[in-house]
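**Student:** A single structure is presented below for examination.
Residue numbers (the working numbering), protein chains in the order written: chain S, 5 to 357; chain X, 5 to 357.
Structure below.
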């Protein structure tokens, strides 16, 4: 039910994912409305529907997770908890999806904080950046865990055994940065983190250069970097277009290049490459861009299928257990662990800031 | 002596600033080498020279401020302390210039931490962003002070009585952000900050939209945003160029647009708009881009002249005193204040992390 073009385009994309790509789907939302759409594709009865009374509005933030306990996202999370679904795809409000799924699915064992991983349009293969905004304040140990989350995700998405991981920072040398990144660099460089191919600090101008496979940063800086990139691309292409259509010679030139420029703009369009995956919960959440049309939803369903088939949650658990930070996670965010009883349940997801 | 093209281009730019723009200058560095260059412009004896035995190398970082107490930057700072100069211009290593001038000039009274202000190429007038990297970890009160520093700088640079100030954040609503920005938003929105025209949160995609005159952020996020912008522009224009020169029709189009595209690239070239001003010390420091040629140095000298004439240091003191944070500064970073004697000298600049 979420997204600017819901439910029409969402259902069209889901039908395509089911028919052409063999993705097993359940549609969650207003049953009557969904059935009506499915009729257009002669797909009634072929894709199961689970009814949900409510849906989050696109402008609803984190509080919606409390206000609407029967939202389509909440119900979809419930299906995951029951083992009736392996992953969730939504084009709804990012804040609402993140808050609801954190509340319903909880953080997976050993993981301190979840992160949203997005892909940047680098060549020849995309670069993964995390966190794009799920956790604004991150401790050094949390950054090390993001490296583990990114490694697990990169293995499945990029098909690499050991994706390289860079730490987003304000200088290339080890001593650079704020307190959190200085310490995270020490932790990542030192021994004890198996399976993470740490490539050192990278800077803002490296984000689109493809220098590393995975870029790790806190959700505050990551979100700012990502939106700065989007705004800069919009401004730059806007200026290029203006330049190309001012004056007769330039206008003629523009006609000769129209198609190529459009391809280029599409590659950098967040609606095309956009969306993200929320990592670190007891379930896989693919957050498609709010502006998603059918094609983007089909891709999101395929990605969710691929991540579930690649056992992303288990892979993250194994990867995090190989870092020196697993003990932090157990005490702050994970499932209750009997050895931690004396400390109590220090940080259930829903109480985090 | 600092910069990729020192001393030739530096001196050429300085001579131009002195002759054509009436900027009163002292050249600090290797006296014999400087005199040799001045001969080319028939300017020996017209611009005073102060000899300095050493110079910071371009790849030297903050430690150089200790290793080279007689560097040209250190000597220039000494001239400011003696009242023989009002401002300093350098194209040397940013880390070296910042560390040396913090050590020699100290933070000005009331200011907790210094910030580097840069200008972004927005239209119709530039946008000021601070901090671009002087202080990586900033407390909420420090962000409020950066708003005061940026306001004072904006008044002189943009000629506005009340430049609007935005807080760089990860959402437009007041409750968004990390701990520091949430609290800074409260402080900036509440009463008690006179003279700061606070316009609320802005996001990464607003940086080039010209929505506010001054953007305030910590040096970590600011540096990442700035470098992300530079890298994105380089990538985008690189791709546009490639697109425009692949295929015969496109190549013909490119010929018709060559001049306009070059103008556009120049506007976004950090070597053209680059450089920054270090605010919050007992003296004005203009840090020109390392790649600066004569024209950029002339502009930097004019800017330094304008800031000194506009009494930037006094203006910052007055502006900071009007915020609720002036008491923080007195205890942590400023000149010794007799009423603070019992607390001792808690935070001289050189001991800060």
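Where is the CB? At the ideal position from N, CA and C, for every residue including glycine.
Would you mind reading off the limits of the alpha helix (DSSP H) that contains residue 161 of chain X?
**Tutor:** Here the question's residue 161 of chain X lines up with position 157 in the second chain. Residue 161 of chain X -> alpha helix (DSSP H) spans 144-162.
**Student:** From residue 324 of chain S to residue 158 of chain S, what distance separates their C-alpha atoms?
**Tutor:** To locate residue 324 of chain S, count along the first chain from 1; it is residue 320. To locate residue 158 of chain S, count along the first chain from 1; it is residue 154. Rounded to whole angstroms, residue 324 of chain S to residue 158 of chain S spans 14 Å at the Cα level.
**Student:** Report yes or no: do the stretch 12-21 of chain X and the stretch 300-319 of chain S share at least 3 C-beta pairs separated by less than 8 Å?
**Tutor:** No, they do not touch.
**Student:** When DSSP labels each residue in this structure, what does residue 335 of chain S get in the three-state scheme?
**Tutor:** The residue you call residue 335 of chain S lines up with position 331 of the first chain. Because the pLDDT of residue 335 of chain S is 42, which lies under 50, any placement of that residue in the model is unreliable, and the number read from its coordinates should be weighed accordingly. Helix, per DSSP.
**Student:** Should residue 2 of chain S and residue 118 of chain S be called a contact, given that it needs their Cβ atoms to be closer than 8 Å?
**Tutor:** Absent from the model: residue 2 of chain S. The displayed extent of chain S is 5 to 357, so no value can be given.
**Student:** At a Cβ threshold of 8 Å, is residue 1 of chain S touching chain X?
**Tutor:** The question about residue 1 of chain S has no answer here: the residues shown for chain S are numbered 5 through 357.
**Student:** Tell whether a beta-carbon distance below 8 Å holds between residue 147 of chain S and residue 124 of chain S.
**Tutor:** Stepping through the first chain from its first residue, residue 147 of chain S is reached at position 143. Stepping through the first chain from its first residue, residue 124 of chain S is reached at position 120. Not closer than 8 Å, so no.
**Student:** Inspect the beta-carbon positions of residue 134 of chain S and residue 121 of chain S and report whether they are closer than 8 Å.
**Tutor:** Position 130 of the first chain, counted from the first residue, corresponds to residue 134 of chain S. Position 117 of the first chain, counted from the first residue, corresponds to residue 121 of chain S. Going by C-beta atoms, residue 134 of chain S is nearer than 8 Å to residue 121 of chain S.
**Student:** Examine the ligand ZN and report whether any of its heavy atoms sits within less than 7 Å of the Cβ of residue 299 of chain X.
**Tutor:** This structure lacks the ligand ZN; in fact it carries no ligand of any kind.
**Student:** Out of curiosity, what's the CA-to-CA distance linking residue 291 of chain X and residue 92 of chain X?
**Tutor:** Residue mapping note: residue 291 of chain X aligns to position 287 of the second chain, counting from 1. Residue mapping note: residue 92 of chain X aligns to position 88 of the second chain, counting from 1. Spanning the two alpha carbons is a distance of roughly 8 Å.
**Student:** Along chain S, which residues have their Cβ under 9 Å away from the Cβ of residue 210 of chain X?
**Tutor:** Within the second chain, residue 210 of chain X is the residue found at index 206, counting from 1. Going along chain S in sequence order, the residues near residue 210 of chain X (Cβ under 9 Å) are 231 and 235.
**Student:** Which residue wins for smallest C-alpha separation from residue 271 of chain S, given the options X:328, X:299, X:279 and X:239?
**Tutor:** In the first chain, the residue the question calls residue 271 of chain S occupies position 267. It is X:239 whose Cα lies nearest to the Cα of residue 271 of chain S.
**Student:** According to DSSP, residue 55 of chain X sits in a beta bridge with which residue or residues?
**Tutor:** The sequence position of residue 55 of chain X within the second chain is 51, counting from 1. Paired residues: X:33.
**Student:** List, in chain order, every chain S residue whose beta-carbon is nearer than 9 Å to that of residue 140 of chain X.
**Tutor:** Sequence index remark: in the second chain, residue 140 of chain X carries index 136 (1-based). Near residue 140 of chain X (Cβ distances below 9 Å), the residues of chain S are 174, 180, 181, 182, 183, 185 and 186.
**Student:** Using DSSP with H/G/I as helix, E/B as strand and the rest coil, what is residue 296 of chain X?
**Tutor:** Numbered from 1 along the second chain, position 292 holds the residue referred to as residue 296 of chain X. Coil at residue 296 of chain X, not helix or strand.
**Student:** For residue 69 of chain S, go through chain X and note every residue whose CB falls closer than 8 Å to its CB, in chain order.
**Tutor:** Position 65 of the first chain, counted from the first residue, corresponds to residue 69 of chain S. Per Cβ cutoff of 8 Å: no residues; residue 69 of chain S is ~15 Å from chain X at best.
**Student:** Sort out for me which residues DSSP pairs residue 208 of chain X with in a bridge.
**Tutor:** Along the second chain, read from residue 1 onward, the residue named residue 208 of chain X stands at position 204. Answer by DSSP bridge pairing: none, since residue 208 of chain X is not bridged.
**Student:** Using the Cβ count rule (16 or more neighbours within 10 Å means buried), how would you classify residue 190 of chain X?
**Tutor:** Against the second chain, residue 190 of chain X aligns to sequence position 186. Burial call: exposed.
**Student:** If you draw a straight line from the alpha carbon of residue 71 of chain S to that of residue 305 of chain S, how long is it in whole angstroms?
**Tutor:** The residue given as residue 71 of chain S occupies position 67 in the first chain. The residue given as residue 305 of chain S occupies position 301 in the first chain. Those two C-alpha atoms are separated by around 27 Å.
**Student:** Beta-carbon of residue 205 of chain S versus every beta-carbon of chain X: anything under 8 Å?
**Tutor:** Within the first chain, the letter at position 201 stands for residue 205 of chain S. Closer than 8 Å: no.
**Student:** Less than 8 Å between CB atoms is the rule here; does residue 137 of chain X satisfy it with respect to chain S?
**Tutor:** Within the second chain, numbered from 1, the residue matching residue 137 of chain X stands at position 133. Yes, contact with chain S.
**Student:** With distances taken between CB atoms, is the gap from residue 109 of chain S to residue 84 of chain S smaller than 8 Å?
**Tutor:** Counted from its first residue, the first chain places residue 109 of chain S at position 105. Counted from its first residue, the first chain places residue 84 of chain S at position 80. Yes, the pair counts as a contact, with Cβ atoms nearer than the cut-off.
**Student:** Under 8 Å Cβ-Cβ, which residues of chain S neighbour residue 225 of chain X?
**Tutor:** Along the second chain, read from residue 1 onward, the residue named residue 225 of chain X stands at position 221. Under the 8 Å cutoff, chain S gives 224, 225 and 228.
**Student:** Mark residue 176 of chain X as exposed unless 16 or more other C-beta atoms lie within 10 angstroms of its C-beta, in which case mark it buried.
**Tutor:** Position 172 of the second chain holds residue 176 of chain X. Answer is exposed; the Cβ neighbour count stays below 16.
**Student:** Buried or exposed: residue 64 of chain S, going by 16 or more other Cβ atoms within 10 Å of its Cβ?
**Tutor:** If you number the first chain from 1, residue 64 of chain S lands on position 60. Residue 64 of chain S is buried by the Cβ-count criterion.
**Student:** Along the stretch 87-116 of chain S, where does the CB come closer than 7 Å to a CB of chain X? Name the residues.
**Tutor:** Flagged: no residues at all.
**Student:** Which residues in the same chain as residue 333 of chain X place their Cβ atom closer than 6 Å to its Cβ, once the five residues preceding and following it in sequence are excluded?
**Tutor:** Here residue 333 of chain X refers to the residue found at position 329 when the second chain is read from its first residue. Residue confidence for residue 333 of chain X is low, a pLDDT of 47 falling below 50, so the modelled location carries little weight; the figure read from the coordinates is stated next. The answer, listed in chain order, is 114, 115 and 116.
**Student:** Spell out whether any CB of chain S is found under 8 Å from the CB atom of residue 296 of chain X.
**Tutor:** Residue mapping note: residue 296 of chain X aligns to position 292 of the second chain, counting from 1. No, residue 296 of chain X lies away from the interface with chain S (no Cβ there is under 8 Å from its Cβ).
**Student:** Taking only beta-carbon positions, decide if residue 333 of chain S is within less than 8 Å of chain X.
**Tutor:** Locating residue 333 of chain S in the first chain gives position 329, where the first residue counts as 1. With a pLDDT of only 47 at residue 333 of chain S, under 50, the local geometry of the prediction cannot be trusted, and no value is derived from it.
**Student:** Between residue 213 of chain X and chain S, is the shortest Cβ-Cβ distance under 8 Å, so that the two count as touching?
**Tutor:** The residue given as residue 213 of chain X occupies position 209 in the second chain. Yes, its Cβ sits closer than 8 Å to a Cβ of chain S.
**Student:** Let me check understanding here. Comparing Cα to Cα, which of S:224, S:169 and S:199 lies closest to residue 210 of chain S?
**Tutor:** If you number the first chain from 1, residue 210 of chain S lands on position 206. Ranking S:224, S:169 and S:199 by Cα distance to residue 210 of chain S puts S:169 first.
**Student:** Let's test the definition: count the other Cβ atoms within 10 Å of the Cβ of residue 250 of chain S and tell me whether it reaches 16, buried, or not, exposed.
**Tutor:** In the first chain, residue 250 of chain S corresponds to position 246, counting from 1. Burial call: exposed.
**Student:** Is it buried or exposed for residue 212 of chain S, if we count other Cβ within 10 angstroms and need 16 for buried?
**Tutor:** Walking along the first chain from the start, residue 212 of chain S turns up at place 208. Counting Cβ neighbours within 10 Å, residue 212 of chain S comes out buried, since at least 16 surround it.
**Student:** What residue range does the alpha helix (DSSP H) around residue 327 of chain X cover?
**Tutor:** Translated into positions along the second chain, residue 327 of chain X becomes position 323. Note, residue 327 of chain X: premise wrong, no alpha helix (DSSP H); not H, not E.
**Student:** Within a Cβ cutoff of 7 Å, which residues of the same chain sit near residue 41 of chain X, ignoring the five residues on either side of it in sequence?
**Tutor:** As a position in the second chain, residue 41 of chain X is number 37, starting the count at 1. Excluding residues within five positions, the ones whose Cβ falls inside 7 Å are 11, 12 and 15.
**Student:** Is DSSP giving residue 168 of chain X helix, strand or coil here?
**Tutor:** Taking the second chain and counting its residues from 1, one reaches residue 168 of chain X at position 164. Residue 168 of chain X: strand per DSSP, three-state reduction.
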